[in-house]
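For the sequence shown, the numbering used here gives the first residue as 56, with consecutive numbering after it. Working notes, structure below.
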Amino acid sequence: MGLTARCTPWTPAGLYTSRDNDDGWQKLDTVPEYPISLAVAPTDPDTIYAGVPSSGAYISTDGGRTWENIAKGLGLIPGAALRVTALTVDEADSWHVAAATAYGIGKQIAGGGIYESKDGGSSWNKLSDTNKIINELTFDDGTIHALSDDGLVRYTTPDKPASAVPFLDPLIQFSGLQLFMLAMTTGLGALALIGQKRWM
56 MGLTARCTPW TPAGLYTSRD NDDGWQKLDT VPEYPISLAV APTDPDTIYA
106 GVPSSGAYIS TDGGRTWENI AKGLGLIPGA ALRVTALTVD EADSWHVAAA
156 TAYGIGKQIA GGGIYESKDG GSSWNKLSDT NKIINELTFD DGTIHALSDD
206 GLVRYTTPDK PASAVPFLDP LIQFSGLQLF MLAMTTGLGA LALIGQKRWM
């Protein structure tokens, strides 16, 4: 039995999906809103999470054919658009997902919180508030790292405060994925190069 993988990019023209054993790309017109964040479960390519600009987040377990809203528990505020700006799925568990939220009120966008779910978004556990817009999330040995324009922050459990990750001193401890996230932020590419020179 061969490994089946799914690639699901989103473009200005819409959301597309393709399998490694399939010819071409198929457009997904089924997402209720245009996604602003997306995560595919590494262990189950049919499980896709989509963050949207006003109604939170959705999950699909059939490769994007149908979607279910999973925003309940993500801190809905009456009169405000609930944006899910970043999503990540545990590489070992398709139901273990983290989400970063923000709120849109008129033309203003404010940071919301970092949430974790172990049941595919049926319920959420709030790890922390955040006054910054989170651009990327990643799991690392069960710990959630969040990237904003101000840097990288580590989240573990609600009873432990979020901790900023200094860029220079612990840089050598970062995984390749975390370094990639750092490089994605404007101005941090140079820091990644400095870290590489330290390892040589």
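A virtual CB, placed ideally from N, CA and C, is assigned to each residue, including glycine.
| Query | Result |
| --- | --- |
| Could you name the residues that DSSP lists as bridge partners for Tyr89? | Paired residue(s): none; Tyr89 is not in a bridge. |
| Between which two residues does the beta strand (DSSP E) carrying His200 extend? | 198 to 203 |
| Looking only at its chain, what residues have a beta carbon closer than 8 Å to the beta carbon of Gly231, apart from the 5 residues adjacent to it on each side? | Low confidence applies here, because Gly231 scores a pLDDT of 47, under 50, leaving its location unreliable and the question unanswered by this model. |
| So, helix, strand or coil for Thr72, using DSSP? | strand |
| Residues in its own chain within less than 7 Å of Ala96 by CB, not counting five upstream and five downstream? | Thr102, Val144, Ser149 |
| Look at the Cβ atom of Trp179, then the Cβ atom of Lys127, and state whether they are nearer than 9 Å. | yes |
| Quick check on Gly134: does DSSP put it in helix, strand or coil? | coil |
| Indicate whether at least one CB of chain B lies closer than 9 Å to the CB of Gly176. | Chain labels in this structure do not include chain B; a single protein chain is all it has. |
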